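1 is the number of the first residue of the sequence shown in the UniProt record's numbering; add one for each residue after it. Glycine included, C-beta positions come from ideal geometry on N, C-alpha and C. All values reported here derive from a predicted model rather than from experimental measurement. Remarks on the structure that follows.
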Amino acid sequence: MFCDKKTDSKCRWKRRKEARPEEILDAALQLFTEKGFSSTRMVDVAKSAGISKGTLYLYFDSKEAIFKDVVQQRITPQLDEVEAMVESFEGSQAELLKQLINGWWMSIACTSLSAIPKIIVAESGNFPELASYFTQNVVIRSRNLFSKVISRGMINGEFNLYESEAVARLVVAPLVQATIWMHSLKPYDDESGTQNYLQLHTEFILNSLVKQPQVLSLESNRENAHS
1 MFCDKKTDSK
11 CRWKRRKEAR
21 PEEILDAALQ
31 LFTEKGFSST
41 RMVDVAKSAG
51 ISKGTLYLYF
61 DSKEAIFKDV
71 VQQRITPQLD
81 EVEAMVESFE
91 GSQAELLKQL
101 INGWWMSIAC
111 TSLSAIPKII
121 VAESGNFPEL
131 ASYFTQNVVI
141 RSRNLFSKVI
151 SRGMINGEFN
161 LYESEAVARL
171 VVAPLVQATI
181 WMHSLKPYDD
191 ESGTQNYLQL
201 HTEFILNSLV
211 KQPQVLSLES
221 NRENAHS
């Protein structure tokens, strides 16, 4: 239904109400990033979102609930899509692994979500439940995706044989470390060499995994040349 002049204010109010959860999540994530999770109060989130504290409590009963909703609304849907894509993918597992690494980087490291790993590392001692929640719902799910692709590449003969779970950790750890660096040491560190970080990381992983054509030794080459 279109809004006429009489109902325009009601429509604006409705749109505003429907948009509030997203506005709250945006405001909270920014505060968690800038002030830290421990130092952020519910009243701070309300003020930043432009609502009253009472209104905030209509949507969330704690900042822990807000953090979990950030994960559920901003990260979980992306993981759902990637899991479906991995299930239906029929091409090269090396190409799929490259897509996963690049996709993780673009959707996490290059967005405001990149602050979340640093928040978790900094606050895990004070908020173990949040650390556990993030580990179960993001870290392990992400690692399992990489592990599945790596396992399939080994099974079909595309990759060298390694322990897929261990390789998945080697893939994910440098990506997470890079996001933590962005929100901690970057202002004080020399950024030379960081521009091609993702490309180099991907190449190192694939060069280790992908089976290379058998190369004859120098001795064999000499023997063939004289035969």
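For this session: For Ala84, collect the residues of the same chain with a Cβ closer than 7 angstroms to its Cβ; drop the 5 residues on either side in sequence, then sort them by chain order.
Result: Taking the first residue of the sequence shown as position 1, residue 84 is located at position 84. Contacts found: none.
Exercise. Within this structure, are the beta carbons of Leu113 and Arg74 separated by less than 9 angstroms?
Worked result: The residue labelled residue 113 in the question sits at position 113 within the sequence shown. The residue labelled residue 74 in the question sits at position 74 within the sequence shown. Leu113 places its beta carbon less than 9 angstroms from that of Arg74.
Exercise. What is the DSSP secondary structure of Cys11, reduced to helix, strand or coil?
Worked result: Taking the sequence shown and counting its residues from 1, the one referred to as residue 11 is at position 11. Only weak support is given to the placement of Cys11: the predicted model assigns it a pLDDT of 45, under 50, and the value that follows is read from those uncertain coordinates. Assignment of Cys11 by DSSP, reduced to helix, strand and coil, places it in the helix class.
Exercise. For Phe159, does the three-state DSSP call read helix, strand or coil?
Worked result: As a working note, residue 159 is residue 159 in the sequence shown. In this structure, Phe159 counts as strand in the three-state DSSP scheme.
Problem set entry | Endpoints, the alpha helix (DSSP H) within which Arg169 is located | Residue numbering aside, residue 169 sits at position 169 when the sequence shown is read from its first letter. For Arg169, the enclosing alpha helix (DSSP H) has its first and last residue at Ser164 to Met182.
For this session: Could you tell me which residues DSSP puts in a beta bridge with Val210?
Result: Against the sequence shown, residue 210 aligns to sequence position 210. Note: Val210 sits in a beta bridge opposite Phe159.
Problem set entry | Contact check, Arg143 vs Ala168, beta carbons under 9 angstroms | Residue numbering aside, residue 143 sits at position 143 when the sequence shown is read from its first letter. Residue numbering aside, residue 168 sits at position 168 when the sequence shown is read from its first letter. Judged by beta-carbon spacing, Ala168 lies within the 9 angstroms limit of Arg143, meaning their Cβ atoms are closer than that value.
Exercise. Can you tell which of Ser132, Glu87, Phe134 and Val171 has its C-alpha closest to the C-alpha of Phe146?
Worked result: Taking the sequence shown and counting its residues from 1, the one referred to as residue 146 is at position 146. Among Ser132, Glu87, Phe134 and Val171, the Cα nearest to that of Phe146 is on Val171.
Exercise. Using the rule of at least 16 other Cβ atoms within 10 Å of the residue's Cβ for burial, across every protein chain shown, is Thr111 buried or exposed?
Worked result: By one-based count along the sequence shown, residue 111 stands at place 111. Thr111 is exposed by the Cβ-count criterion.
For this session: May I have the straight-line CA-CA distance separating Leu209 from Val70, to the nearest angstrom?
Result: Position 209 of the sequence shown holds residue 209. Position 70 of the sequence shown holds residue 70. Straight-line measurement puts the Cα of Val70 at about 34 angstroms from the Cα of Leu209.
Problem set entry | Cβ pair Met42, Lys63 closer than 9 angstroms | As a position in the sequence shown, residue 42 is number 42, starting the count at 1. As a position in the sequence shown, residue 63 is number 63, starting the count at 1. In this structure, Lys63 lies closer than 9 angstroms to Met42 by Cβ.
Exercise. Three-state secondary structure (DSSP) at Leu185?
Worked result: Numbered from 1 along the sequence shown, position 185 holds the residue referred to as residue 185. DSSP places Leu185 in the coil class of the three-state scheme, outside both helix and strand.
For this session: Please classify Ser62: does DSSP put it in a helix, a strand, or coil?
Result: Against the sequence shown, residue 62 aligns to sequence position 62. If DSSP states are grouped into helix, strand and coil, Ser62 belongs with coil.
Problem set entry | Cβ pair Leu198, Val149 closer than 9 angstroms | As a first step, residue 198 must be located in the sequence shown, where it is residue number 198. As a first step, residue 149 must be located in the sequence shown, where it is residue number 149. With respect to Val149, Leu198 sits apart: the two C-beta atoms are not nearer than 9 angstroms.
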